[in-house]
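Note that the numbering used here has the sequence shown beginning at 1, numbered continuously upward. Where a beta carbon is used, it is the ideal one built from N, C-alpha and C, also for glycine. Everything numeric in this text was worked out from a predicted model, so none of it was measured. Heads up: the structure comes next, in structure tokens.
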Amino acid sequence: MNEAESAKAAAMLRQAGYLQTVSENEADIVIVNSCVVRQAAEDKVAGKVGSLARLKRANPHVRIALTGCMVTGQQARLAERFPHVDLFYGPSEFDRLVEIAPELSEVDADLAELPHFYQDGAASPDVTAYVPIIYGCNFVCSYCIVPYRRGREVSRPMADIVTEIRQMVARGVKEITLLGQTVNAYGHDLPEHPDLADLLMAVEEVDGLERVRFLTSHPKYMSDRIVQAVADGSKICEHINLPVQAGDNEVLRRMRRTYTVEHYRERIASIRAAIPGVTIATDIIVGFPGETDEQFQHTYDLLEDLRCEKVHVAMYSPRPGTLSSRWEDDIPWAEKKRRHRAIEKLQERVCTERNQGYVGQTLEVLVDGFAKGRWRGRTRGNTLVFFESEGNWQGELVDIHVTESTPWYLLGEPPAAREAGHRG
1 MNEAESAKAA AMLRQAGYLQ TVSENEADIV IVNSCVVRQA AEDKVAGKVG SLARLKRANP
61 HVRIALTGCM VTGQQARLAE RFPHVDLFYG PSEFDRLVEI APELSEVDAD LAELPHFYQD
121 GAASPDVTAY VPIIYGCNFV CSYCIVPYRR GREVSRPMAD IVTEIRQMVA RGVKEITLLG
181 QTVNAYGHDL PEHPDLADLL MAVEEVDGLE RVRFLTSHPK YMSDRIVQAV ADGSKICEHI
241 NLPVQAGDNE VLRRMRRTYT VEHYRERIAS IRAAIPGVTI ATDIIVGFPG ETDEQFQHTY
301 DLLEDLRCEK VHVAMYSPRP GTLSSRWEDD IPWAEKKRRH RAIEKLQERV CTERNQGYVG
361 QTLEVLVDGF AKGRWRGRTR GNTLVFFESE GNWQGELVDI HVTESTPWYL LGEPPAAREA
421 GHRG
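Below, the structure written as structure tokens:
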């Protein structure tokens, strides 16, 4: 979400005549977008913002802004801590950029009336792009600060989203990812109550768009309609990001996740039954307050059984203002690290075995970059693929014959006939 909002702010400033600089020392405006999901991220932002005081002293005319979740409800405290910052604005408050870039009012006279959305110029020249469709979160997971910083769920009108995607495609975007803290809660607050399945089917009809993804989903809202939309859509990638966070029911209850391990297993089974070849990504928190060795083993066993294609694992850290921050952080750091490593080792084995199964197959890859002499892209299942080839493959869908595998990516080669055509 932060990446999408940063891109939107940058696009707005480009529309007003600003150019992006390589160095902040050359900038007239510096915007820092913050994340507070974990303490380490917030500390990193604070360090960066603090370091900009030197830039302000050297160039008093530079305008500095801090945005993102760190700002919500904290403006007065932050202004006292960082007096060199000119503007503090919350997530999606793009209209407030006019306070440091008055030229924006000349671009759109109604800017102040568009606190959440600004479509013109939002697209980047990249092959892939992110499109926020719902802001905020109505869940109150005991460990999560996001609902307190981003507020309750607010869905964008479907027509606005489709229009923005059409603009992106017109500028060369081939793949879009629909974003939300709880992306599959989309639409419940809109007048006609559309859901994510309705939006996916509408986006499917955008001419020139090649692929659609969405994240992050909550198990409670992963409906049969959404699953069927993925199964039926020719552009909707067979990849589901569905965080479980823990594999023990008591830990899930204390996390306030509102589902059980049994429900999660059933949902994964139904997704795999409905969508052939689907890949599953999930998130895990280890070392949650009170998590016993036995409860962690339940999480380990769940992951071993499900064999998800990707697992993002994080060590628990208390976030001030959340319910769990009132509880003793009673799992030693060394034990959290041991559990973290155990899951990473398990996932490396699972990914090794899964990726070996791709060797010899031909997979559709959307090429999105070139570095160190190799082209890079992703399959519909979100597996990273590298291949060497002359010519320009940027932004193309290409069938890659997989020749080698690692736990984290695949290596392959394009069809010889097509490669010869690109060289010619």
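Do residue i and residue j have their C-beta atoms closer together than 9 Å?
i: D126; j: G172; result: yes
i: V206; j: I133; result: no
i: V365; j: F387; result: yes
i: N355; j: C237; result: no
i: F88; j: L78; result: yes
i: D368; j: T177; result: no
i: A16; j: L104; result: yes
i: Q228; j: A273; result: no
i: L190; j: P157; result: yes
i: V71; j: G50; result: no
i: L199; j: I161; result: yes
i: E304; j: A281; result: no
i: T403; j: E390; result: no
i: R254; j: S155; result: no
i: V45; j: V37; result: no
Could you compute how far the alpha carbon of residue i sits from the alpha carbon of residue j?
i: R454; j: R225; result: Lying outside 1 to 424, the shown extent of the chain, residue 454 is not represented and no answer is given.
i: R265; j: D195; result: 23 Å
i: A76; j: I343; result: 41 Å
i: V278; j: I240; result: 7 Å
i: P219; j: H263; result: 8 Å
i: S234; j: K8; result: 28 Å
i: G424; j: V22; result: Confidence at G424 is low in this model, with a pLDDT of 46, below 50, so the placement of that residue is unreliable and no value is reported for it.
i: S6; j: G357; result: 38 Å
i: I29; j: K48; result: 15 Å
i: C144; j: S317; result: 10 Å
i: L114; j: R96; result: Low per-residue confidence applies at L114: pLDDT is 42, beneath 50, and the placement is therefore not dependable enough to give any value.
i: A159; j: N249; result: 40 Å
i: V311; j: I268; result: 14 Å
i: G395; j: N33; result: 28 Å
i: R341; j: V350; result: 14 Å
Count the other CB atoms, across all protein chains shown, that sit within 10 Å of the CB of residue i; report buried if there are 16 or more and exposed otherwise.
i: T163; result: exposed
i: W375; result: buried
i: A65; result: buried
i: W333; result: exposed
i: A246; result: buried
i: P83; result: exposed
i: N25; result: exposed
i: A112; result: Low confidence applies to A112: its pLDDT is 42, below 50, so where it sits in the model is not reliable enough to give any reading.
i: T352; result: exposed
i: G187; result: buried
i: L215; result: buried
i: T362; result: exposed
i: P60; result: exposed
What is the residue span of the alpha helix (DSSP H) that residue i lies within?
i: F296; result: D293 to L306
i: L66; result: Where L66 is concerned, there is no enclosing alpha helix (DSSP H), although the beta strand (DSSP E) it sits in stretches over R63 to G68.
i: I165; result: M158 to A170
i: P147; result: V146 to R150
i: D28; result: Run containing D28: none; DSSP gives neither H nor E here.
i: A4; result: N2 to Q15
i: L78; result: Q75 to R81
i: W375; result: It is not in any alpha helix (DSSP H) - W375 instead sits in the beta strand (DSSP E) that spans R374 to T379.
i: T352; result: W333 to Q356
i: V203; result: L196 to E204
What residue range is occupied by the uninterrupted beta strand (DSSP E) comprising residue i?
i: H312; result: K310 to M315
i: D283; result: T279 to V286
i: E364; result: T362 to A371
i: D399; result: L397 to S405
i: L384; result: L384 to F387
i: L411; result: L410 to E413
Jot down the residue ranges of each uninterrupted alpha helix (DSSP H) in the segment 30 to 55, minimum 4 residues, whole runs only, in chain order. none
For the segment 229 to 263, list the beta strand (DSSP E) runs that are entirely contained and at least 3 residues long, ordered along the chain. 239 to 241
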